[in-house]
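Only one structure is covered here, and it is reproduced in the block below.
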Amino acid sequence: MIEVAPKETSRAYAFEMWMDAPMPMVTFFRTIDVSRLVRASKRNGLKFNMLMCWCIGRAACRIKEFYTLPVGKKLMRYDTLAICTIVANRKGEVSSCDIPFSEDLRQFNRDYLRLTRQVAGSCQDHDLTDSMVIGTSALAQYEIDGAVGMYSGRFNNPFLIWGKHKRHLWKRTLTVSFQFHHTQMDGAHAARFLENLQKEIKGLAL
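Taking our numbering as reference, the numbering of the sequence shown is continuous, increasing by one, and the terminal residue is 269.
Here it is, written out as structure tokens:
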């Protein structure tokens, strides 16, 4: 992770326009066909949430804007990505767990299982400060039509929220909300990310 001069990046105009905005976050919604993920999860004994997080990493790593993030009043550039998932811990509360993204699904699955078990047992967050972290929150037991994340002013990371997938005959769909800081990316980048996410899910091959 290194600090970069905003004027030397493609985000110079966005940095000037949005860094001091009272509400710089933008939220997109998209309904995604997750039929392939549901089938892959059941047939291969893999967690649906893990597969979703891996596809998010795959979709994001091909868009360069994901590697740059406003932190405080600075613009930081990262070499790696991580996916954060919310874990129910042994105290009946929740903790956050950052999982390093790997193109290798087997490696990502091993890290996902190991780190989520660790966080659930210790009740302590697992943070990766040297990676650009994409936040996620899965309310998998509840049917929701969408959610807008809270902007705390501390964390500018992109964030995805989803609920329970819906069944339409043989098809399964999932409504996803994607919140991002306008300094980090524009609407076209966010829309391309969601398009990439759908392609990664439909093209999943185990």
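The beta-carbon is built from N, C-alpha and C at its ideal position, and this holds for glycine as well.
Should Ala203 be labelled buried (16 or more other beta-carbon atoms within 10 Å of its own) or exposed?
Burial call: exposed.
Inside the region 98 to 133 only - alpha helix (DSSP H) runs reaching at least 4 residues:
If we require 4 residues or more, the alpha helix (DSSP H) runs fully inside the region 98 to 133 come out as 98 to 107, 111 to 123.
State yes or no: is the C-beta of Gly120 within less than 8 Å of the C-beta of Ile146?
It is a contact, given that the beta carbons lie within the stated cut-off.
Which same chain residues end up closer than 6 Å to Leu178 when comparing Cβ atoms and leaving out the 5 residues on each side of it in sequence?
Within the same chain, Leu178 has close Cβ partners Cys160, Ile162, His189.
For Pro163, does the three-state DSSP call read helix, strand or coil?
Here Pro163 sits in strand by DSSP.
Hey, Leu100 and Phe91: beta-carbon distance below 8 Å or not?
Cβ atoms of Leu100 and Phe91: not closer than 8 Å.
To the nearest angstrom, how far is the alpha carbon of Ser194 from that of Ile65?
Computed Cα separation, rounded: 11 Å.
Candidates Ser73, Thr238, Val150, of which the one nearest Val182 by Cα
It is Val150 whose Cα lies nearest to the Cα of Val182.
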